[in-house]
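Let me begin by presenting the structure, written as structure tokens, before commenting on it.
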Ligand SMILES: [Zn+2]
């Protein structure tokens, strides 16, 4: 008489409520396809989730094209969108890598030394 116990893991994966309309850039493939997901891994026994691996679901930024997931703690830009995007949807993107504003002398020809 043999019992076959099936153990495994199950990952609950769903779009994070309230952040469905946030789309960020995937840092792996560069497409603007990354969404905020709630991922929660559970240990399953006979296909029944019993014990969560962690106390709370992870919040991850995931890309459905290349299946690249990264912890949202590594994406301060996405966190900012989540904090700001609740009331107003259209947040002007901060220009990334914009050159610092250069002070121009008000008068005088350029001096070549
Ligand atoms: Zn990607």
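Numbering (the UniProt record's numbering), first residue to last: 1 to 113.
A virtual CB, placed ideally from N, CA and C, is assigned to each residue, including glycine.
(1) One question on the structure: do residue 9 and residue 60 come within less than 7 angstroms of each other, judged by their Cβ atoms?
(2) Taking 6 angstroms as the line, does the beta carbon of residue 28 fall inside it for any heavy atom of ligand 1?
(3) By how many angstroms is the C-alpha of residue 43 removed from the C-alpha of residue 50?
(4) Quick check: the Cα distance between residue 73 and residue 54, rounded to an integer number of angstroms?
(5) Taking Cβ to Cβ, would you say residue 65 is nearer than 7 angstroms to residue 31?
(6) What are the partner residues of residue 48, as DSSP defines its beta bridges?
(7) Which residue from 84, 35, 18 puts its Cα closest to that of residue 71?
(8) For ligand 1, is there a heavy atom less than 6 angstroms away from the beta-carbon of residue 4?
(9) I'd like to know whether the C-beta atoms of residue 18 and residue 37 end up nearer to each other than 7 angstroms.
(10) Report the rounded CA-to-CA distance for residue 77 versus residue 11, giving the unit in angstroms.
If we stick to the structure as given:
(1) no
(2) yes
(3) 6 angstroms
(4) 16 angstroms
(5) yes
(6) 45
(7) 35
(8) no
(9) no
(10) 25 angstroms
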